[in-house]
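Please read the structure below before turning to the comments.
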Amino acid sequence: MKRLARWRLISLFAMLALVLSGCGKPYLSALKPAGEVADTQFDLMKLSTYVMVGVILVVVVIFVLVFLRFRRKDDKIPKQVEGSHRLEIIWTTIPILLLLILAVPTVASTFKLADVDQMDKKNTKALIVNVRSHLYWWDFEYPGQKIVTSQELVVPTNEKVYFNLKSMDVKHSFWIPAVGGKIDTNTDNANKFWLEFDDKRSNEAGNLFYGKCAELCGPSHALMDFKVKAMSRDKFDAWVTAMQNVKAPQKATTASAQKGQEIFNQSCIGCHAVTPANKMPETARVAPNLTNFGDRSRVAGILDHNKEELKNWIKNPETYKPGNMMTGKYNVEKLTDEDLNNLADYLMSLKVQ
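Take the sequence shown: its position 200, counted from the start at 1, is 200 in the UniProt record's numbering, and no numbers get skipped.
As structure tokens, then:
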């Protein structure tokens with residue numbers, strides 16, 4: 001009975017795993033590629049799977065044939081074979097061929113995906129994004145456009161986007177599952193690679209992808225998300241122009257937001273920037289740039305983008321992201337409910353489009 005109960009439990013977990021494997025969104029899955037790099041990686045995954053399944057099938061067929069044909073029928077001892085040069089050559093050659101089938105496209109793809117010569121040219125026209133990872137948020141700088149954003153990466157489709165990645169505290173890892181990656185962000189050196197976002201498949205995903213930190217980096221590692229907005233080149237150029245037109249801190253337009261701006265200037269401006277042309281050195285970026293905060297799709301990368309969730313985050317960020325660097329940076333207990341409401345009004349009004 002105990003053994004039967006154990007098998008029932010195993011069967012239940014197997015069925016649950018099968019059901020859960022169908023959950024999720026297309027923009028979160030590496031099995032639904034949406035770019036050239038993701039296509040290449042997916043093709044390598046399929047190739048290795050086909051090879052492994054083929055090997056398993058051949059071994060199973062040989063096992064069944066040997067089991068049926070050479071099963072013992074009487075007490076006679078069969079002829080003992082010490083070795084066979086032909087068989088030894090066969091089972092040595094086949095693994096070598098399989099390794100070549102796997103190694104050649106893998107090595108070729110590795111060199112292709114590692115080709116970042118274009119971003120190192122003196123007057124390159126390639127779009128370059130400097131990615132800086134922090135506990136637990138992301139910073140995106142467009143040096144050619146003189147723009148800095150945080151938590152939401154904006155990219156054009158159907159062209160290579162080059163990334164220059166570095167960490168400002170501990171090791172993290174930059175990964176956009178549906179588009180490609182992943183690659184570590186280190187503290188002592190910068191890694192480089194490129195991605196391409198397919199226009200058609202980006203449209204199918206709603207032009208929104210999720211990025212993750214894929215390296216265990218602390219208690220809020222699982223919450224270190226960022227969003228990627230993929231759009232046509234024309235829309236991307238319009239977004240760049242709108243960001244570049246924000247030359248000074250945006251002024252509040254309502255009485256509540258004006259009070260919130262005063263609070264922001266007294267307690268938040270020391271860490272957060274509200275202009276896209278962030279001229280501070282990268283080592284001084286201790287908090288996300290909030291220039292286009294009102295245009296974002298998430299608060300702190302994980303919460304719904306609305307006023308109530310924003311107030312909850314400001315009031316107690318440790319509840320949502322344990323170990324974050326914002327906790328304890330200001331005397332939040334001194335802020336009244338009215339102060340929080342005014343500050344939230346100001347931050348939600350920071351839009352550039």
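No residue lacks a Cβ here, since even glycine has one placed at the ideal position from N, Cα and C. These numbers come from a predicted model, not from an experiment.
Where A230 is concerned, the enclosing beta strand (DSSP E) starts and stops at 225-231.
For the options S48, P143, I128, the alpha carbon positioned closest to that of L99 is the one of S48. In the pairwise beta carbon analysis, the stretch 250-257 is classified as not touching the stretch 140-159: fewer than three pairs are separated by under 8 Å. Considering only M52, D169, Q80, V116, the residue with the shortest C-alpha distance to V286 is D169. If you draw a 10 Å sphere on the C-beta of G83, you find fewer than 16 other C-beta atoms in it, and that means exposed.
When the five nearest sequence neighbours on each side are left out, the beta carbons in the same chain lying within less than 8 Å of the beta carbon of V240 are those of Y142, Q145, I147, in order along the chain. Between the stretch 168-182 and the stretch 211-231 there are three or more inter-stretch CB-CB distances shorter than 8 Å, so the stretches are counted as touching.
If you check the CB distance, G54 and E196 do not come in under 8 Å. The Cβ atoms of E318 and T327 sit closer than 8 Å to each other. Look at the beta carbons and you see the stretch 300-314 touching the stretch 335-350: at least three pairs across the two are nearer than 8 Å. One thing to note: L165 has its Cβ within 8 Å of the Cβ of T185. A distance below 7 Å between beta-carbons, with the five flanking residues on each side excluded, links P105 to the following residues of its chain, in chain order: L44, L47. Looking at the backbone, the Cα of A17 and that of S11 are separated by about 10 Å. Unbroken alpha helix (DSSP H) stretches of 4 residues or longer found wholly inside the stretch 306-341: 307-315, 317-320, given in chain order.
From the listed residues A222, V60, Q80, the smallest Cα separation to K321 is found for A222. Between L350 and Q250, the C-beta spacing is below 8 Å.
Distances from the alpha-carbon of K229 to those of V155, N265, V19 put V155 closest. Judged by DSSP in its simplified three-state form, H272 adopts coil rather than helix or strand. Sixteen is the threshold: since fewer than 16 other Cβ atoms of the shown chains lie within 10 Å of the Cβ of A114, the residue is exposed. For the options M52, W137, N324, G323, the alpha carbon positioned closest to that of R298 is the one of W137.
For G180, no alpha helix (DSSP H) run applies; the uninterrupted beta strand (DSSP E) run containing it begins and ends at 180-185, by DSSP. Excluding the 5 residues flanking it on each side, V246 has same chain C-beta neighbours closer than 7 Å at T275, P276, T291, V352, in chain order. For V154, the three-state secondary structure derived from DSSP is strand.
In the DSSP assignment, V129 falls within the beta strand (DSSP E) that extends over 127-134. Straight-line spacing of the CA atoms in S173 and S133 works out to 8 Å.
Distance between F140 and D234, taken at the CA atoms: about 20 Å.
Rounded to the nearest whole angstrom, the CA to CA distance from V107 to A38 is 16 Å.
Less than 8 Å divides the Cβ of D198 from the Cβ of T157. The beta carbon of L28 lies closer than 7 Å to those of P177, A178, Y210 in the same chain, with the five residues before and after it left out. Counting along the chain, L195 sits inside the beta strand (DSSP E) bounded by residues 191-196. Annotated as distal: W194 and V81, with beta-carbon spacing of 8 Å or more.
In this structure, the beta-carbon distance from E152 to F264 does not fall below 8 Å.
Between the C-alpha atoms of P33 and K307 there is a straight-line separation of about 34 Å. Among the bridge pairs identified by DSSP, R298 is matched with D304. A residue is called buried once 16 or more other Cβ atoms fall within 10 Å of its Cβ, and M231 is buried on that count. Of the candidates F70, R69, V58, T110, the residue whose Cα lies closest to the Cα of W91 is V58.
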